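In the numbering used here, the protein residues as written are 14 to 559. Scroll down for the structure; my scribbles are underneath it.
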Ligand code: ADP
């Protein structure tokens, strides 16, 4: 083989902040802080303070490969840790604070975290954790001295004191791009959480793909609102893509309610917002209840929705009331996370809104770098006809090959594909549509019914706030769908009205056998419907005629 003659520079996370600090030095990072006020700084500031973080950690004896945990909301200090920790060659371990305390403790032990950085909101959680997590050398509260509360955390360190004592002179070390950069545990709805260990190379490649026009289209002209938390798959890679592109970033801190999010969208002139459907639901309810006029008040052009399926009604609402295009995307912790993005093709020009929304219901096309296939139970490839649903498998340089410290696992098939656990169709244009998690599919008389399709059809009813569909046992058909509804406040929707509404919208034999009404639905720590708990709640439920 004839070797190319190009320079071999490692793809390192530190190069992203170096670039931003130099070429987008004045682009802003705006944060709503735990202490209360808004905070404004620039990529240049983040770059300088990340160097202080690296010096401070070196001073504390942190070595390359050490795991440094964070329990923190989206904000500038968290961003400094993203770059300071990974940049020096240590591993940033972002922990989801919404997990049960026992799970947080398990994760800290499993990852063998050396230091834990945390926000003011999590003092009570850390007081408990400090007793149990004996391997942690110190806990660092991400605030200044004036805001240090009275608390029972032995040897507590103060973030601003550490940074003040450290120099901002630091040369980012150059090392192998395959070195681990960050660690994120899946929420573990079944069994213990599992660690996905990203590398510098995978993170930089993923950023490039996310920035691309037919990826998420991130550029210096955008102001991004990161509603997706930095503890959820690195906020979908946006702190990295932001620095790569120079996009202005707005960080909401702990306030994710509809009113606070709307206020940030308005005050900071956000053009692109990213988050899971549950937070958008809160936003849309706030807009409806308060009679706001987002189209006139906001500059929002696009909303990226992923993590769960974006219902058609939600995309339509953003389009008509906000004038914003919903970019439906799919991925998972194991994929850094972006796999597919639903952008339009030239052939869709001239589509009516109705036709376009049908395209936008799909999770989109694979971005370059992600290979996809759908297969049957025996691993045989299924056709890309938009109808045949099968197991969705993926392969690519930002997709995991295994879980951290899980011995004896063989996650990939013979061709190196990872089974996502999702069931999907792929159409002739390459648009993938998730029909279910494999474990949530409703198997009715040997045929599969998609719970997601039914949920999205139900949520289109104006009286429905949220909908879930689970399989209920049935004597004749083995399983039949049970629809569980949360009504909007003040609404009096009945079972029969709901079922009538679904007529003609889904195949007749998919119509649920019954409807149950509840006050709220259980969610996982990442905001998804907690189907496992729902199935437990309805374990003794008997369908009419079942
Ligand atoms: P968790 O830790 O809960 O697994 P992830 O974000 O990794 O968190 O979850 C990934 C899963 O979320 C995917 O495998 C898929 O089932 C679901 N998911 C993500 N995006 C979408 C989407 N746009 N539509 C439907 N399901 C989605």
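Cβ coordinates follow ideal geometry from the N, Cα and C atoms, glycine included. Just so you know, these numbers come straight off a predicted model, no measurement behind them.
Checklist entry - Does the beta carbon of residue 464 fall short of 6 Å from some heavy atom of ligand 3? => result Questions concerning ligand 3 fall outside what the structure shown contains, since the ligands it does hold are ligand 1.
Checklist entry - Do residue 343 and ligand 1 come close, with the Cβ less than 6 Å from some heavy atom? => result Taking the chain shown and counting its residues from 1, one reaches residue 343 at position 330. Answer for residue 343: yes, Cβ within range of ligand 1.
Next on the checklist: According to DSSP, residue 492 sits in a beta bridge with which residue or residues?
Outcome noted: Within the chain shown, residue 492 is the residue found at index 479, counting from 1. Answer is 486.
Item to check | Segment limits, beta strand (DSSP E) that includes residue 47 | outcome: One-based indexing of the chain shown puts residue 47 at position 34. Counting along the chain, residue 47 falls outside any beta strand (DSSP E), and DSSP gives it neither H nor E.
Next on the checklist: Looking at ligand 1, does it come within less than 6 Å of residue 376, judged from the CB to the closest heavy atom?
Outcome noted: If you number the chain shown from 1, residue 376 lands on position 363. Yes, ligand 1 has a heavy atom inside 6 Å of this Cβ.
Item to check | Alpha-carbon spacing of residue 455 relative to residue 552, whole angstroms | outcome: To locate residue 455, count along the chain shown from 1; it is residue 442. To locate residue 552, count along the chain shown from 1; it is residue 539. Looking at the two C-alpha atoms, the distance is approximately 15 Å.
Checklist entry - Thinking just about the alpha-carbon of each residue, which of 534, 485, 477 and 483 is nearest to the one in residue 508? => result On the chain shown, residue 508 is found 495 positions in, with the first residue counted as 1. Closest option to residue 508, Cα to Cα, is 477.
Next on the checklist: What does the alpha-carbon distance come out to for the pair residue 197 and residue 373?
Outcome noted: For the purposes of this step, residue 197 is identified with residue 184 of the chain shown, where counting begins at 1. For the purposes of this step, residue 373 is identified with residue 360 of the chain shown, where counting begins at 1. Cα-Cα distance, rounded: 29 Å.
Item to check | 6 Å CB neighbourhood of residue 474 in its chain, flanking five on each side removed | outcome: Taking the chain shown and counting its residues from 1, the one referred to as residue 474 is at position 461. The answer, listed in chain order, is 514.
Checklist entry - DSSP puts residue 81 in a beta bridge; with which residues? => result To locate residue 81, count along the chain shown from 1; it is residue 68. DSSP, once it has assigned bridges, lists 105 and 128 as partnering residue 81.
Item to check | Spatially closest choice to residue 22 from 428, 303 and 187, by CA coordinates | outcome: Residue 22 sits at position 9 when you count from the first residue of the chain shown. Measuring from the Cα of residue 22, the nearest candidate turns out to be 187.
Next on the checklist: Is residue 447 near ligand 1 - that is, is its Cβ less than 6 Å away from at least one heavy atom of it?
Outcome noted: Within the chain shown, the letter at position 434 stands for residue 447. Yes, since a heavy atom of ligand 1 falls inside the 6 Å radius drawn around the Cβ of residue 447.
Next on the checklist: Out of 495, 497, 558 and 532, which one is the CA nearest neighbour of residue 503?
Outcome noted: Indexing the chain shown from 1 puts residue 503 at position 490. If we check each option's Cα against that of residue 503, 532 comes out closest.
Next on the checklist: Cutting at 8 Å between CB atoms, please list the residues of its own chain near residue 394, excluding the five before and the five after it.
Outcome noted: The sequence position of residue 394 within the chain shown is 381, counting from 1. Hits under 8 Å: 386, 387 and 388.
Item to check | residue 340 vs residue 286 beta-carbon contact at 7 Å | outcome: The count along the chain shown starts at 1 and reaches residue 340 at position 327. The count along the chain shown starts at 1 and reaches residue 286 at position 273. Not closer than 7 Å, so no.
Checklist entry - Are residue 128 and residue 143 touching if we call contact CB-CB under 7 Å? => result On the chain shown, position 115 is the one that residue 128 refers to. On the chain shown, position 130 is the one that residue 143 refers to. No.
Item to check | residue 320 CB to nearest heavy atom of ligand 1 below 6 Å | outcome: Walking along the chain shown from the start, residue 320 turns up at place 307. Under cutoff, so the answer is yes.
Checklist entry - How many whole angstroms separate the CB atoms of residue 540 and residue 346, which I take to be in contact at a CB cut-off of 8 Å? => result Within the chain shown, the letter at position 527 stands for residue 540. Within the chain shown, the letter at position 333 stands for residue 346. In fact, because the Cβ distance is near 13 Å, the residues do not count as touching under 8 Å.
Item to check | heavy atom of ligand 1 below 6 Å from residue 215 C-beta | outcome: Residue mapping note: residue 215 aligns to position 202 of the chain shown, counting from 1. No; taking the cut-off as 6 Å, the Cβ of residue 215 has no heavy atom of ligand 1 nearer than that.
Checklist entry - For ligand 1, is there a heavy atom less than 6 Å away from the beta-carbon of residue 291? => result On the chain shown, position 278 is the one that residue 291 refers to. No, the Cβ of residue 291 stays beyond 6 Å of every heavy atom of ligand 1.
Checklist entry - Under 6 Å from any heavy atom of ligand 1, does the C-beta of residue 349 make it? => result On the chain shown, residue 349 is found 336 positions in, with the first residue counted as 1. Flag unset: Cβ of residue 349 not near ligand 1.
Item to check | 6 Å Cβ shell around residue 276 - same chain, five flanking residues per side excluded | outcome: Here the question's residue 276 lines up with position 263 in the chain shown. Nothing listed; no residue qualifies.
Next on the checklist: Let me confirm a value: residue 293 is counted as buried when at least 16 other C-beta atoms fall within 10 Å, else exposed. Which label applies?
Outcome noted: As a first step, residue 293 must be located in the chain shown, where it is residue number 280. Its Cβ being crowded by 16 or more others within 10 Å, residue 293 is buried.
Checklist entry - For the stretch 149 to 163 against the stretch 96 to 105, are there 3 or more C-beta pairs whose distance is under 8 Å? => result no
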